[in-house]
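K.L.:
My questions will all concern the structure given below.
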Amino acid sequence: MADYQAPLRDMRFVLNEVFDAPALWASLPKVAENVDPDTADAILEEAGKITSGVLAPLNREGDEQGTQWNNGEVTAPEGFKEAYQTIVEGGWNGLGGNPEFGGMGMPKTLVAQFEEMMQGANMAFGLAPMLTAGACLALDAHGSQELKEKYLPNMYSGVWSGAMDLTEPHAGTDLGIIRTKAEPNDDGSFNVTGTKIFITWGEHDMAENIIHLVLAKLPDAPKGPKGISLFLVPKFMVNDDGSLGERNSFSCGSIEKKMGIKGSATCVMNFDGAKGWLVGEENKGLAAMFTMMNYERLGVGIQGIGAAEASLQSAREYALDRTQSRAPTGAQQPEKAADPILVHPDVRRMLLTMKGYVEGGRAFSTYVAQWLDISKYAEDDDRRKHAEGMVALLTPVAKAFLTDRGLEACIMGQQVFGGHGFIREWGQEQLVRDCRITQIYEGTNGIQALDLMGRKVVGSQGKLYELFAQDVATFLEENSGDEHLRPFLEPLAAAVERLDDVTEHVIKQAGDNPNAVGAASVDYLDLFGLTAVGYMWAKIVKAAAPKAAGDTSGFYSGKLKTARFYFDRLLPKTVSLAEGIRSGSESMMALTAEEF
1 MADYQAPLRD MRFVLNEVFD APALWASLPK VAENVDPDTA DAILEEAGKI
51 TSGVLAPLNR EGDEQGTQWN NGEVTAPEGF KEAYQTIVEG GWNGLGGNPE
101 FGGMGMPKTL VAQFEEMMQG ANMAFGLAPM LTAGACLALD AHGSQELKEK
151 YLPNMYSGVW SGAMDLTEPH AGTDLGIIRT KAEPNDDGSF NVTGTKIFIT
201 WGEHDMAENI IHLVLAKLPD APKGPKGISL FLVPKFMVND DGSLGERNSF
251 SCGSIEKKMG IKGSATCVMN FDGAKGWLVG EENKGLAAMF TMMNYERLGV
301 GIQGIGAAEA SLQSAREYAL DRTQSRAPTG AQQPEKAADP ILVHPDVRRM
351 LLTMKGYVEG GRAFSTYVAQ WLDISKYAED DDRRKHAEGM VALLTPVAKA
401 FLTDRGLEAC IMGQQVFGGH GFIREWGQEQ LVRDCRITQI YEGTNGIQAL
451 DLMGRKVVGS QGKLYELFAQ DVATFLEENS GDEHLRPFLE PLAAAVERLD
501 DVTEHVIKQA GDNPNAVGAA SVDYLDLFGL TAVGYMWAKI VKAAAPKAAG
551 DTSGFYSGKL KTARFYFDRL LPKTVSLAEG IRSGSESMMA LTAEEF
């Protein structure tokens, strides 16, 4: 199996040539204070060294050993604690954090590249910094000044880590029915009691303290999601001087035995009157938690890209080295008994599909990160509101489409290896197992599709969708005379028109048919994702084509040929998806329960 190497060349291409990120950063004063092209490049270079040299070598051993639970205490796999200290010492935990409290203030467009490297190198480990960053984001946005000053510096530094406690045994997607309670105390604190499950890195030995953000209900809370509050509950109490005090009244009851990401602890957390503090307003906890969800859901989509990139690197190396049979056009290496399997069309189909989704997906995740940066840092209200709309629309697509395609790519990578792909030592089966969770947590992909179709598209009567459609239309119009782009513009325009048509169709159906949204949603998200990544490939062609002729490395010419494959073999899938959506919900809902 190939050793994971951070794809720095492609990341620099996406940031600097496809999206001109430095120009974006310069247009956002709060970002421009903290980053310039040289700083960004240095961060990428160092991130590549750490993820490839420190995290990746621990990936397989972490999977083999797993985390260990002993009487409430959780031990990370061998080497994880030392690797975590490397992350802490380099300040990587606070890369995107608020500089007021010790963060580095880097834009999401840059942070997303580091996140992909970390997740591609070692997803189980990468979940710990990822969850801490999310907890910091929610606390920074909604916590009191006192809470932020007390907790954020040590969380940004990584001395303390963070965890999110949402799910309960009976309440996953439907958080409105959670049972965890928070009783107020006279000193302004609350006693939190209840059980949470599936808490990633909820307990471990890598950090001095773990800061839990826990969803719970106050005694007089309204029923449903409007009655949820958010509480900060530390593993160890923090004294006024910042030192750690006694242990809080909660513990890890067990850790799950899982299909994948075995190197991370997935905990059952039991809160028994644990002391916590309100984050944000009473009964507004879900809104506070959702502040971080756009970032976390993009982060999960990036996990899909990272796993797929790792799979592609190994599959590509194997296809160049493994010899089987002869090329259909005749022997390519007559001096050997057989040719490398790369000569076979089906192997190329798999590798090109992986490449199309990975490189197009990387561009799409950066595109979404760009809108996140504008929504957070733009000083112009109209520009910021426009970006907020784009983020709301694109986030479920990024989470679900990139993880669906990520698993598909990992399975293809495994298939390239044939029987060896089924054997543990080659690493491909671990990537398949690890990537599988990305379709489930942070909201299953079916829920993401319902969010896109129901809340964002039908709920806005198509207004949010129009933001994206107009962005593509502007690109098509501005580049109509580009000779290099001409072969790609017509099929892209056709795909967008197809998406326009089914969007209008479902909005109309939804008025009379309660099942219309649910029946269309998953196919609609796939159609949207294929079209959006096609748009990214058109942007890639625009950046690469002028440089392809004099390129001896094959980097730019390879981009053009991969784009051609995407438009010839992957984008046409939108036709069948559109037909399925138009068929409606009747056949889906026709069977009775007994007939199943």
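Quick note on numbering: the sequence shown equals residues 1 to 596 in UniProt numbering. Glycine is no exception: its CB is placed at the ideal position from the N, C-alpha and C atoms.
Just list the alpha helix (DSSP H) runs in the region 328-395, keeping only unbroken ones of 4 residues or longer that don't cross its boundaries, in chain order.
P.N.:
Entirely contained in the region 328-395, the alpha helix (DSSP H) runs reaching 4 residues are, in chain order, 345-377.
K.L.:
For F250 versus F236, is the C-beta spacing smaller than 8 Å?
P.N.:
Taking the first residue of the sequence shown as 1, we reach residue 250 at position 250. Taking the first residue of the sequence shown as 1, we reach residue 236 at position 236. Cβ atoms of F250 and F236: not closer than 8 Å.
K.L.:
Would you call the region 196-207 and the region 124-135 touching, i.e. three or more CB-CB distances under 8 Å?
P.N.:
Touching, yes, given that three or more Cβ pairs across the two stretches are closer than 8 Å.
K.L.:
Between E116, E33 and R9, which has its C-alpha nearest G304's C-alpha?
P.N.:
Within the sequence shown, residue 304 is the residue found at index 304, counting from 1. Nearest C-alpha to G304: E116.
K.L.:
Have a look at residue 608 and A307 and give me their C-alpha separation to the nearest angstrom.
P.N.:
This structure cannot settle anything about residue 608, because the visible part of the chain is limited to 1 through 596.
K.L.:
According to the Cβ coordinates, are I210 and P169 closer than 8 Å?
P.N.:
Along the sequence shown, read from residue 1 onward, the residue named residue 210 stands at position 210. Along the sequence shown, read from residue 1 onward, the residue named residue 169 stands at position 169. No, these two residues do not count as a Cβ contact at 8 Å.
K.L.:
First and last residue of the alpha helix (DSSP H) that includes I87?
P.N.:
For the purposes of this step, residue 87 is taken as residue 87 along the sequence shown, with counting starting at 1. F80 to E89 is the extent of the alpha helix (DSSP H) around I87.
K.L.:
For L137 and A327, what's the separation of their Cα atoms in angstroms?
P.N.:
Here residue 137 corresponds to residue number 137 of the sequence shown, with the count starting at 1. Here residue 327 corresponds to residue number 327 of the sequence shown, with the count starting at 1. Rounded to whole angstroms, L137 to A327 spans 53 Å at the Cα level.
K.L.:
Which of helix, strand or coil does DSSP assign to A76?
P.N.:
Position 76 of the sequence shown, counted from the start, is the residue given in the question as residue 76. The answer is coil: DSSP assigns A76 none of H, G, I, E or B.
K.L.:
Whose C-alpha, out of R179, K275, G102 and L372, is nearest the C-alpha of N185?
P.N.:
Working through the sequence shown from its first residue, we reach residue 185 at position 185. The shortest C-alpha separation from N185 is found at K275.
K.L.:
Is the region 434-441 in contact with the region 334-346, if contact means three or more CB pairs nearer than 8 Å?
P.N.:
No, they do not touch.
K.L.:
Look at the Cβ atom of P222, then the Cβ atom of L286, and state whether they are nearer than 8 Å.
P.N.:
As a working note, residue 222 is residue 222 in the sequence shown. As a working note, residue 286 is residue 286 in the sequence shown. Contact flag unset, no.
K.L.:
Terminal residues of the continuous alpha helix (DSSP H) containing Q470?
P.N.:
The residue labelled residue 470 in the question sits at position 470 within the sequence shown. Counting along the chain, the alpha helix (DSSP H) containing Q470 begins and ends at K463 to E478.
K.L.:
When you compare the region 408-424 with the region 141-152, are there three or more beta-carbon pairs, one atom per stretch, that lie closer than 8 Å?
P.N.:
Too few Cβ pairs lie closer than 8 Å, so no.
K.L.:
Could you give the uninterrupted runs of the beta strand (DSSP E) lying entirely in the region 276-336, keeping only those of 3 residues or more?
P.N.:
Runs found: none.
K.L.:
When you compare the CB positions of A182 and S229, do they come within less than 8 Å of one another, or not?
P.N.:
For this step, residue 182 is matched to residue 182 along the sequence shown. For this step, residue 229 is matched to residue 229 along the sequence shown. For A182 and S229, yes; Cβs fall inside 8 Å.
K.L.:
Within the chosen definition, does the region 363-371 reach the region 344-355 through at least 3 CB pairs nearer than 8 Å?
P.N.:
No: the two stretches stay apart, fewer than three of their Cβ pairs being nearer than 8 Å.
K.L.:
Could you tell me whether the region 52-69 touches the region 260-270, using the rule of 3 or more Cβ pairs below 8 Å?
P.N.:
Contact between the region 52-69 and the region 260-270 is present, because at least three Cβ pairs lie under 8 Å.
K.L.:
If residue 600 sits next to S521, beta carbons under 8 Å apart, how far is it from one beta carbon to the other, in whole angstroms?
P.N.:
One cannot answer for residue 600 here, as it falls past the ends of the chain, which runs 1 to 596.
K.L.:
So, helix, strand or coil for T67, using DSSP?
P.N.:
Numbered from 1 along the sequence shown, position 67 holds the residue referred to as residue 67. In this structure, T67 counts as coil in the three-state DSSP scheme.
K.L.:
Locate the alpha helix (DSSP H) running through K108, then write down its first and last residues.
P.N.:
Looking up residue 108 in the sequence shown gives position 108. K108 -> alpha helix (DSSP H) spans K108 to A121.
K.L.:
So, helix, strand or coil for G97, using DSSP?
P.N.:
Translated into positions along the sequence shown, residue 97 becomes position 97. DSSP places G97 in coil when its eight states are reduced to three.
K.L.:
Beta strand (DSSP E) containing P184: first to last residue?
P.N.:
Counting from 1 along the sequence shown, the entry for residue 184 is found at position 184. Element bounds for P184: K181 to P184.
K.L.:
When you compare only the Cα positions, how much space is there between V35 and G91?
P.N.:
Numbered from 1 along the sequence shown, position 35 holds the residue referred to as residue 35. Numbered from 1 along the sequence shown, position 91 holds the residue referred to as residue 91. Cα to Cα, V35 sits roughly 15 Å from G91.
K.L.:
According to DSSP, residue 601 sits in a beta bridge with which residue or residues?
P.N.:
Residue 601 lies beyond the range of the chain shown here (1 to 596); nothing can be said about it.
K.L.:
Give, in chain order, every unbroken run of the beta strand (DSSP E) that is at least 3 residues long and sits entirely within the region 495-534.
P.N.:
If we require 3 residues or more, the region 495-534 turns out to have no beta strand (DSSP E) run fully inside it.
K.L.:
Take the Cβ of E359 as the centre, count every other Cβ of all protein chains shown within 10 Å, and call the residue buried at 16 or more, exposed below.
P.N.:
By one-based count along the sequence shown, residue 359 stands at place 359. It is buried - the Cβ of E359 has at least 16 other Cβ atoms within 10 Å.
K.L.:
Report all residues from its chain with a CB closer than 7 Å to the CB of R582; omit the five preceding and five following residues, and keep chain order.
P.N.:
For the purposes of this step, residue 582 is identified with residue 582 of the sequence shown, where counting begins at 1. Excluding positions up to five away in sequence, the list reads V502 and H505.
K.L.:
Quick one: give me the first and last residue of the beta strand (DSSP E) that G162 is part of.
P.N.:
Taking the first residue of the sequence shown as position 1, residue 162 is located at position 162. Where G162 is concerned, the enclosing beta strand (DSSP E) stretches over W160 to D165.
K.L.:
Is it buried or exposed for S311, if we count other Cβ within 10 angstroms and need 16 for buried?
P.N.:
As a working mapping, residue 311 is identified with position 311 in the sequence shown. That one is buried.
K.L.:
For L213, which beta-bridge partners are listed by DSSP?
P.N.:
On the sequence shown, residue 213 is found 213 positions in, with the first residue counted as 1. According to DSSP, which records beta bridges pairwise, L213 is partnered with M164 and L232.
K.L.:
L591: buried (16+ other C-beta within 10 angstroms of its C-beta) or exposed?
P.N.:
Against the sequence shown, residue 591 aligns to sequence position 591. L591 is exposed by the Cβ-count criterion.
K.L.:
In this structure, how does DSSP classify I199 when only helix, strand and coil are distinguished?
P.N.:
Start at 1 with the first residue of the sequence shown, and residue 199 comes out as number 199. DSSP places I199 in strand when its eight states are reduced to three.
K.L.:
With 16 other CB atoms within 10 Å as the buried threshold, where does L58 fall?
P.N.:
Along the sequence shown, read from residue 1 onward, the residue named residue 58 stands at position 58. That one is buried.
K.L.:
Of the residues V391, T195, V347 and M11, which one's Cα is nearest the Cα of M292?
P.N.:
Position 292 of the sequence shown, counted from the first residue, corresponds to residue 292. When only C-alpha atoms are compared, the closest one is V391.
K.L.:
Would you mind sorting Q461 into buried or exposed? The rule is 16 or more other CB atoms within 10 Å of its CB.
P.N.:
In the sequence shown, counting from the first residue as 1, residue 461 sits at position 461. The residue in question, Q461, is exposed, as its Cβ has fewer than 16 Cβ neighbours within 10 Å.
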